[in-house]
Structure formats: C-alpha cells, structure tokens
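Going from the sequence shown to the numbering used here is simple: count from 1 and add 12.
Ideal Cβ placement from N, Cα and C applies to all residues, glycine included.
Shown next, in structure tokens, is the structure this report addresses.
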Amino acid sequence: MANKKYIFDPESLTYIAVDVSLRAKMKKYLPYVLSGALIGIIVFGVMAFGGYATPVEKLQARQIESMQNKYELLYGRIDEANETLQRLAALDDSLYRTMLGEHALDSQVRQAGTGGTNKYADLENTSTPEEVIASFKKLDDIVAKMNVQEGSYKDLFKKSLVNMDRLQRLPAIIPVANWDLKRIGSGFSPHRYHPILKRWRPHEGIDLIANSGTDIYASADGKVKTVRFSDSFGKMVVIDHGYGLETLYAHMSKQKVKRGQKVKRGEVIGKVGSTGLSGGPHLHYEVHLKGKEVDPVKYFFSDLTPDEYKAVVAQAQSVENTME
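Written out as structure tokens, the structure is:
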C-alpha cells in the first residue's frame with residue numbers, strides 16, 4: 013500500500029493528501045544508494061590491496077626494503093670472498109703444490125665440513141630472520157675453508173725451506189722471453205690434428221711462436237741429457253733436472269749446448285727454428301714428470317703475473333694455432 017504525502021493547494025489554501033508509490037520512492041533514493049555502494053567498494057579496495065597505508069606502515073615498508081637491499085649487498089660481498097678463496101685454492105693446487113711435487117688437496121678436505129651440533133639453534137629459537145642465519149652459515153663456511161687454506165700454505169712453506177735445490181730445478185720460466193714471444197700456438201692436448209701428417213695424435217707440449225734465431229733458455233737448472241736430430245722434432249735438446257723432471261726443446265735452428273753439460277735457469281741453450289715436422293719458426297716445449305708428459309703451463313710462474321698466467325693458459329688451450 014502506498015504511503016500518503018501531503019502537499020499545499022494554493023487555491024483551497026489547504027493540504028491535500030497524495031499517494032506515493034514504492035517505485036517512486038526507489039527512483040528517488042536509488043542514486044544515493046548506488047553512490048554510497050560505489051564509495052564503499054572503492055574504500056574496501058584501497059584498504060584490501062595496500063593502496064593506503066598509515067605513516068607507521070610506510071616507515072616499516074621503507075625499513076624492510078632497506079634491510080633487503082643490505083642483505084643483497086652482504087650476499088654479494090660474501091660471494092666475492094668465496095670466489096677469491098676458490099682462486100687461491102686453485103693456485104695452491106695447480107701451482108704451489110706443483111712447485112714442491114705435492115699432490116693437490118683432496119676435495120673433501122677443502123670443503124671443510126662444519127657438521128655436528130646445530131650451532132645456530134639459539135638464533136632459530138629467538139625468531140632471528142632467516143637472512144641473518146643464512147649469512148652466518150655462509151661466513152662460517154668461508155672461515156672454515158680459509159683455515160684449511162692457511163694450513164696448506166703453512167705446510168708448503170715448511171717444505172719449501174728444505175727444498176730450495178728442488179725449486180731451482182723446477183722448469184719455472186717460459187723458455188722464450190716474453191718480449192720475443194709472438195703468441196702461444198697449440199697447447200697440451202691428448203688429441204690434436206697434425207697439420208703436416210694430416211691425422212689426429214697427442215700434442216704433448218706447448219708451441220711458443222717466435223722469429224727464427226730467437227734465444228731459447230733453459231727453464232731450470234739441470235744437466236743436458238740429449239742433443240740430437242729427430243725426424244719429427246728436428247734439432248732438439250733434453251735437459252734432466254733431477255727429481256723425475258725433464259724438459260724437451262724441439263725444432264731448433266741451432267743447439268748451443270753439449271751432452272752432459274750443466275746449465276742454469278735462464279742460460280741460452282739454442283735458437284728458435286723450424287727443423288723437423290714444423291709449420292713455421294717456433295719452439296715445441298715439453299715437461300716430463302717421472303717419464304710422463306705433463307702440461308708445461310702449470311710450471312710457468314716465475315716470470316708471469318696472475319693475469320699473464322691466465323692469458324697463457326687461455327692461449328695454450330686454443331686449437332687454432334697448431335704448428336706441428
């Protein structure tokens with residue numbers, strides 16, 4: 013039933029009752045209802061999806077973001093320290109231990125396990141952020157590995173004091189001077205294609221490319237074992253350094269030493285040439301340890317900086333410049 017509404021009639025000067033239907037009421041108030049609903053939806057969306065935050069919440073958000081940035085920076089520095097430690101370990105195994113004829117440290121030893129009781133239990137029980145606990149674990153792992161490396165260096169230092177003669181007999185310099193060396197040719201490889209023989213066979217040394225007549229130096233103290241001509245190596249010299257070490261120099265244009273002669277590191281023993289099976293002037297250089305060919309690059313350290321050493325390794329691993 014419609015409600016009554018009274019309006020003033022100016023002719024009769026009286027109020028007359030008028031019926032107002034429900035539909036008319038809804039039509040009148042509907043815009044207000046819809047506007048209120050829309051405002052409510054907007055307010056709810058802002059609150060629910062973070063479009064609005066109190067000053068305290070904004071401050072907390074900035075602090076969280078700042079801490080996350082600091083954690084990322086800390087993780088980056090930890091990773092840098094770990095990479096430096098890995099480089100030191102690689103030098104220890106491939107260079108310093110080679111100098112003294114020692115085997116590389118076992119990989120399990122280098123891992124320096126930090127097992128046992130959970131030393132982080134107190135941190136975990138006090139609701140310490142996971143990022144903080146993870147940082148402690150990474151740092152402890154690096155410290156443990158550093159302790160292993162420090163122990164290795166101390167051990168090698170003690171051995172070096174009683175092995176001075178052996179150090180003098182290590183083939184520790186490049187037999188062609190840096191200023192005469194044009195580039196590194198073919199490196200040590202068990203499987204290389206021979207450009208003259210046209211077949212695959214091991215390349216058991218390294219090719220040092222230089223002009224014909226360039227001086228060739230003994231890479232360590234020793235006694236000349238062989239001075240001869242070989243069909244493949246051409247004019248060659250072999251030096252016995254003792255301790256199971258020998259070096260071979262091939263494709264010479266001239267041999268400047270005699271069999272049985274004692275030589276010192278850095279002494280001229282011949283000239284670069286292209287005798288034997290050779291594609292051009294270069295020195296083919298080998299290092300033998302207890303009768304077995306080993307990569308000569310591992311012994312190049314006395315006259316190389318770390319960056320130069322890396323460059324020699326990279327060039328020696330190239331397959332593009334094969335001279336024999």
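At the C-beta level, Val299 and Val306 come within 7 Å of one another. Distances from the alpha-carbon of Lys235 to those of Asp243, Phe241, Tyr255 and Asn223 put Tyr255 closest. When beta bridges are read from the DSSP output, Tyr83 appears opposite no residue. Sorting Glu84, Thr287 and Ile251 by C-alpha distance to the C-alpha of Gly272 places Ile251 at the top. Taking Tyr165 as reference, the option from Asp105, Ser224 and Phe241 with the minimal CA-CA separation is Asp105. Here DSSP, grouped into helix, strand and coil, assigns Ile76 to helix. Nearest to Ala116 by C-alpha distance, out of Thr140, Gly88 and Leu168, is Leu168.
Sequence-distant Cβ neighbours of Asn223 in its own chain, meaning closer than 8 Å and more than five residues away, are Asp192, Lys194, Val284 and Pro293. Nearest to Phe245 by C-alpha distance, out of Ile154, Tyr229, Asp219 and Leu86, is Asp219. Taking the Cβ atoms as the reference, Gly282 lies roughly 19 Å from Ile196, outside the contact range of under 8 Å. According to DSSP, residue pairing for Arg240 in a beta bridge involves Met248.
Beta-bridge pairing by DSSP links Ala262 to His296. The residue from Met264, Gln161 and Val280 with its alpha-carbon nearest to that of Leu289 is Met264. Leu257 is bridged by DSSP to Gly254 and Leu301.
About 31 Å separates the beta carbons of Gln180 and Leu97, which is beyond the 8 Å limit, so they are not a contact pair. Contact check for Pro141 against Thr259 fails: the beta carbons are separated by 7 Å or more.
Closest by C-alpha distance to Arg277, out of Ala189, His296, Gly303 and Gly291, is Ala189.
Per DSSP, Val269 is not a residue of any beta strand (DSSP E), being assigned neither H nor E.
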